[in-house]
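Everything on this sheet refers to the single structure shown next.
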Ligand code: AMP
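In our numbering, the protein residues as written are 875 to 1291.
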C-alpha cells in the first residue's frame, strides 16, 4: 500500500470541521478589520525566497523543497507566504492607487524540517500583511487581531512576546557587539551556533540548546543599542498594547528565523503546545519590498501556524461535526424512487438527508440510521404510499408522527425545524 510522505498528513472529516471553524473565524475577523484575501501560487522561483528570507537562514540553507522543472529553472515549494505577497504587490503595482493595502491568505507551506509533534513538512498558515504604514500602531493592530482571534477560539494561556530588532542604522553596532561576545564564548556554543556566529549571529540568540542558552546569559541586548526612532517605535507598541489590555512580555532574545525583519518582532506563545510553543509569529519588514525591486514601502505582518492552532483551540469538535438531519428508510423499489426525489429536494432546502439505495430490511436501515447519527428517520414503504402518509421518527425522543405525502418535503422540513 502506498503511504503518504513523512512529515505530510491528511486532515480527515471529524478533524477538518475544526479547521473550517478556525478559518471561518479568522476570515470574519479579517473582514471586520478591512483585510482583503489574496491567493498566491504554491511554487515560485527559488530566487524569490533566497533573496527575501536570506541565504544564511535555516529555511533557505536546508529546508526548502527546491528542484529544477523540466526546462531546468529552479523552483521552490513556498516555505512561507510573505515573499509571494510582496512579489504580487510589486508585480501588479498594487501600490499605485494607494500604497496602503491589507491582505490575508490561508494555505499550505513546505519546509523539510525534522518532523515531530507540531512540526510538519507540509503545514498550514494564516498570513496577514499590512503594506504602506510606518506607524507602530499597525504592529499593535496585528497583535491585537491575533489576541482577539485566540480568545474567540478559546486558546488557553497566550502571551505576546515582543522585541525590536532595530533598523539598518542601529543594528550594525549591535551585530558587532554580539559577534565580539560570541567569539568570547565560542567554546560553549553548539556546532550550529558556531556556524551561525559568523554568517547570521542574531540567530544564535534564538538557539534552544541549553548549553547555548547558558552561554548567552550575559550576551548584549539589542534593546540597549536602539536608535531614538527605534526606541520611540518600540515604546509606542508597548504603550498601545498595555492600553488595549493585550498581555505581553518583552523578550530581548526574540529574533525569529527570517532575515527581513526590522524593528518590531513578535511571537504568540503558549504553554499548551509543549516544545513547539509558538502558535504565531511576525513583525515589521520595512526593507523587503524595496529589496525585491519594488518602491520603498514599509510593511508588517504575521503568520499563524494553523496545525498548532487547531491543536489547542478549545472548541468542541463533536458539536462541529454535522450528522444527517434525516435518514430515509425506503422499503421497495417504488418507495426508493420517491425517497430519492425527496432526498434531492430536502438537500436543496438545506436539510441534510441520506438514504439506503439497496434493498435492505427496515431493521437494518434503522441500524444504519443510528450508525450515521441521523436525527430523524423517515419510513417510506409501499403501504405508506398507498395510505397517503409516511412516518417520521425522532431518533432521540423516539416520538413518531405521520406526515401526509402531499407536500411531503414542506411538511417534513416544517416538522424537523
Ligand atoms: P514562521 O513562518 O517560521 O515565522 O512560522 C510562523 C508559525 O508557523 C509558527 O509560529 C508555527 O506556528 C507555524 N510553523 C512554522 N513551521 C512549522 C512547521 N514545520 N510545522 C507546523 N507549524 C509550523
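Using N, Cα and C, we set each Cβ at its ideal position, and we do this for glycine too. It should be emphasised that the depicted structure is a prediction, and the values quoted were computed from it without experimental measurement.
| Query | Result |
| --- | --- |
| Cβ distance (whole Å) where residue 889 is taken to contact residue 927 below 8 Å | Not a contact, Cβ separation roughly 30 Å. |
| Minimum C-alpha distance to residue 917 - residue among 903, 1161, 950 and 924 | 950 |
| Endpoints, alpha helix (DSSP H) assigned at residue 1099 | First-last for residue 1099: undefined, no H or E at that position. |
| Where residue 1069 sits in the DSSP three-state scheme | helix |
| Any non-hydrogen atom of the ligand MN closer than 8 Å to residue 959 Cβ | No copy of the ligand MN occurs in the structure displayed; its ligands are the ligand AMP alone. |
| For residue 1143: DSSP bridge partner residues | 1033 and 1152 |
| Test item: CB-CB of residue 895 and residue 1180 under 9 Å | no |
| Extent of the continuous beta strand (DSSP E) to which residue 1173 belongs | 1173-1179 |
| heavy atom of the ligand AMP below 8 Å from residue 980 C-beta | no |
| Expected contact under 8 Å - CB spacing of residue 1275 and residue 1289 to nearest Å | 6 Å |
| Heavy atom of the ligand AMP within 8 Å of residue 1178 beta-carbon | yes |
| For residue 949, the first and last residue of its enclosing alpha helix (DSSP H) | Where residue 949 is concerned, there is no enclosing alpha helix (DSSP H), although the beta strand (DSSP E) it sits in stretches over 948-951. |
| Residue environment, residue 1085, which counts as buried when at least 16 other CB atoms sit within 10 Å | exposed |
| Whole-angstrom distance between residue 898 and residue 1223, CA atom to CA atom | 23 Å |
| First through last residue of the beta strand (DSSP E) which encompasses residue 1277 | 1274-1278 |
| Host alpha helix (DSSP H) of residue 1014 (start-end) | 1010-1026 |
| Assigned exposure category for residue 1171 - 16 Cβ within 10 Å defines buried | buried |
| Bridge partner(s) assigned by DSSP for residue 1239 | DSSP, once it has assigned bridges, lists no residue as partnering residue 1239. |
| Residue 1256 versus 1265, 1139 and 1064, residue with shortest Cα-Cα distance | 1265 |
| Simplified DSSP state of residue 1134, which is helix, strand or coil | coil |
| Residue 1045 - containing alpha helix (DSSP H), residue span | 1045-1058 |
| Span separating the alpha-carbon of residue 1191 from that of residue 1024 | 16 Å |
| Residue 971 classed as buried or exposed, judged by whether at least 16 other C-beta atoms fall within 10 angstroms | exposed |
| Nearest-angstrom Cβ-Cβ length linking residue 1115 and residue 1122, presumed shorter than 8 Å | 5 Å |
| 6 Å Cβ shell around residue 1210 - same chain, five flanking residues per side excluded | 1204 |
| Any non-hydrogen atom of the ligand AMP within 8 Å of residue 983 CB | yes |
| Three or more C-beta pairs below 8 Å linking the stretch 1195-1202 and the stretch 1224-1238 | yes |
| Cβ-heavy atom distance, residue 963 to the ligand AMP, below 8 Å | no |
| CB contact flag (residue 1034, residue 1017, <9 Å) | yes |
| Beta-carbon contacts of residue 978 that lie in its chain and below 8 Å, excluding the five residues immediately before and after | 900, 901, 904, 909, 910, 911, 912, 1000, 1001, 1002 and 1003 |
| Check: residue 913 C-beta below 8 Å from any heavy atom of the ligand AMP | no |
| Inter-stretch contact (C-beta, 8 Å, three-pair minimum) for the stretch 1136-1153 and the stretch 984-994 | yes |
| Straight-line gap, residue 969 to residue 998 (C-alpha atoms, nearest Å) | 27 Å |
| Contact between the stretch 1095-1104 and the stretch 1040-1052 (3+ Cβ pairs under 8 Å) | yes |
| Distance cut-off 8 Å: residue 997 Cβ against heavy atoms of the ligand AMP | yes |
| Bridge partners - residue 1263, DSSP secondary structure assignment | 1278 |
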